Amino acid sequence: MKHRIAEILTGGVAVGARVTVEGWIRTRRASKAGLSFLAVHDGSCFDALQVVAPAELPGYAEVVLHVVTGCAVRVTGEVVASQGKGQPVEVRAEAIEVVGWVDDPETYPMQPKRHTMEYLREVAHLRPRTNVIGAVTRVRHTLAMAVHRFFHERGFVWIHTPIITASDAEGAGQMFRVSTLDAANPPRTAGGAVDWNQDFFGKEAHLTVSGQLNVETYCMAMSRVYTFGPTFRAENSNTRRHLAEFWMIEPEIAFADLADDAQLAEDFLKAIFTTLLDERRDDLAFFAKHVDPGCQARLAGLVESRFERMEYGDAVRTLERSGKRFEFPVRWGMDLQAEHERYLTEEVVKGPIAVVNYPKEIKAFYMRLNDDGKTVAAMDVLAPGIGELIGGSQREERLDVLDARLDELGLDKQTYGWYRDLRRYGTVPHAGFGLGFERAIQYATGIENIRDVIPFPRAPRQADF
RNA sequence: UCCGGAGUAGCUCAGUGGUAGAGCAGGCGGCUGUUAACCGCCGGGUCGGGGGUUCGAAACCCUCCUCCGGAGCCA
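Take the first sequence: its letter number 191 is residue 192 in my numbering, and every next letter is one higher.
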């Protein structure tokens, strides 16, 4: 009977049972006169299964002794208590079939040793076979499922907001153009400009930079909604925290204010990380041992503590009084720099912190103006080592105030016609936030470069595979 | 985009002007239960590309490419 390796290693299969496992060879340790040990992994858990192949096995010399790292095998044998240390049970093979050989072992890119993350990125099609990327992949999946479970259990509805958008003024950064026109020879108007009217959508179109504006419409009907999908930014940003294509989670809640929003963010992060701690102990133990010794304690600490809340004004005062010399000066009205965020999270609070009520000048048009007329009900959740993990706000639900903001910023009211309609027909206070999914994975695992927590990273000059 | 660092064997790296090295991986041999096994032998190089200086360049100079870290932008 076929079994996943996770079942066997967690005691789900009785000692003495006959099993068949299918997977890939991680290492082979051979003893010419005696027997061979094969470490087989199938992705179902962190640990590989130890398969013991006795020399009497049919085809031992021809097959088993030539198996190398990367070979795909099918093993049938008996589950036995292990004589060695390092695993409770192993499989004593009665038959080993090589399903797929490694053509040229000398050039097979994966070796049973530690590779650099930079090198693994160059072989993105084979890196999921490694310990570290395998662990990241399971963590990513577990967190994704936890996200949906969290929202589903609280009555949120998952909204599939569009990937392609024709409203190019969302203001969240550079966008990728979507077009079917011949780039080398586009149709022109009489005036010589590119005639977008002849393009597929009859107007300029781009890949979305956020599902928020669209999801707000469903929030005004379903009350509690969220998006979870890919997002695209054409910024030429070359850092370990940015991707051109990444996944974002954006809940939106009706009849809610900024305090509700911050509470949701806190409950949400605690819930998904609690799930991760429960379900992926094996992978987290690996990250703690080889990547980031503090990752488990950091997660455990987060789920137990209450998030610190801090007014933007207080944050600025704290920084001013710190006596610390910052490269960029701190002054009310300026956005917090990376070095400021690091100081607040890593030295003052030593944990996640929600900074609220920022000056309106440095935030988006849709954020709700506070009574002081100077700040908006915005919120950034900052995390040590990551920076901004969540950005959110209460939305401006008053049409006259929203229009005044659009005018102030010189934005075209017609472009936002349907968005303004929401304020004309049954408007209610509402709020939401955006979480960069990859940043959450980075936070959980301690993986430093965001390109290593997504299967196929897209970044400037990087779209291979 | 700006600043800094790096590019030498399949991988990780050493090599500061005088004929290209190590460990791991691979092949062969040895070893009765190993844990990234161990021991011996062998094969393996456009020193990122181009140009220059020099009797002689992996090394020094110019230039381009790629990657990494930091900053900005942000999630």
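For each residue, glycine too, the CB sits at the ideal point set by N, CA and C. In this text the structure is predicted, and so the values were computed from the model without any measurement.
Taken in chain order, the complete alpha helix (DSSP H) segments of 4 or more residues contained in the stretch 260 to 331 are 282 to 291, 296 to 305 and 313 to 322. Looking at the backbone, the Cα of proline 129 and that of glutamate 342 are separated by about 33 Å. Around the C-beta of leucine 214, 16 or more other C-beta atoms lie within 10 Å, and the residue is accordingly described as buried. In summary, phenylalanine 201 is exposed, with fewer than 16 beta-carbon neighbours lying within 10 Å of its beta-carbon over all protein chains present.
Linking isoleucine 254 to tyrosine 219 through their CA atoms gives a straight-line distance of about 10 Å. Scanning the stretch 337 to 395 for uninterrupted alpha helix (DSSP H) segments of 4 residues or longer gives 339 to 343, listed from N- to C-terminal end. When the five nearest sequence neighbours on each side are left out, the beta carbons in the same chain lying within less than 6 Å of the beta carbon of lysine 414 are those of Leu407, in order along the chain. Within the stretch 70 to 127, the complete alpha helix (DSSP H) segments at least 4 residues long are 118 to 123, listed from N- to C-terminus.
Look at the beta carbons and you see the stretch 89 to 96 not touching the stretch 425 to 442: under three pairs across the two are nearer than 8 Å. Per DSSP, arginine 130 lies in no alpha helix (DSSP H) segment and is marked neither H nor E. With contacts defined as CB atoms closer than 9 Å, valine 331 and valine 349 fail to qualify as a contacting pair. Pairing aspartate 381 with threonine 11, the inter-Cα distance amounts to about 41 Å. Bounds of the alpha helix (DSSP H) holding methionine 221 are 213 to 223. Nearest in C-alpha terms to glycine 295, of all of Thr232, Val68, Ala7 and Gly447, is Gly447. Pairing arginine 425 with glutamate 23, the inter-Cα distance amounts to about 60 Å. For glutamate 246, the enclosing beta strand (DSSP E) stretches over residues 246 to 255. DSSP places leucine 208 in the strand class (E or B) of the three-state scheme. Shown here for isoleucine 273: same chain residues with a beta carbon closer than 8 Å to its own, the five before and five after excluded, namely Leu144, Ala147, Val148, Phe151 and Ala441 in chain order.
The Cβ atoms of serine 37 and valine 68 lie closer than 9 Å to each other.
In the DSSP annotation of this structure, the continuous segment of the beta strand (DSSP E) that includes alanine 31 starts and ends at 19 to 31. Taking the Cα positions, aspartate 196 is about 24 Å away from arginine 234.
The three-state reading of DSSP puts glutamine 199 in helix, counting H, G and I together. Taking the C-beta atoms as reference points, isoleucine 354 is found nearer than 9 Å to leucine 383. Secondary structure of glutamine 443 (DSSP, three-state): helix. DSSP places glycine 418 in no beta strand (DSSP E) but in the uninterrupted alpha helix (DSSP H) bounded by 418 to 425. Assignment of beta-bridge partners to valine 53 by DSSP yields Phe38 and Arg93. If you draw a straight line from the Cα of alanine 49 to the Cα of alanine 263, it is about 41 Å long. Of the residues assessed, leucine 300 falls on the buried side of the cut-off, its CB having 16 or more other CB atoms within 10 angstroms. Taking 9 Å as the cut-off, the beta carbon of phenylalanine 366 is found no closer than this to the beta carbon of leucine 423. Taking C-beta atoms under 8 Å as the contact rule, phenylalanine 247 and isoleucine 455 qualify, at a distance of about 7 Å. Here valine 64 carries a coil assignment [DSSP, helix/strand/coil]. In the DSSP assignment, alanine 405 falls outside any beta strand (DSSP E) and lies within the alpha helix (DSSP H) extending over 400 to 409. Taking the C-beta atoms as reference points, glycine 392 is found nearer than 9 Å to alanine 379. Proline 458 has its alpha-carbon roughly 23 Å from the corresponding atom of alanine 206. Between phenylalanine 47 and tryptophan 159, the C-beta spacing is not below 9 Å.
DSSP places arginine 139 within a helical segment (H, G or I) once states are collapsed to three.
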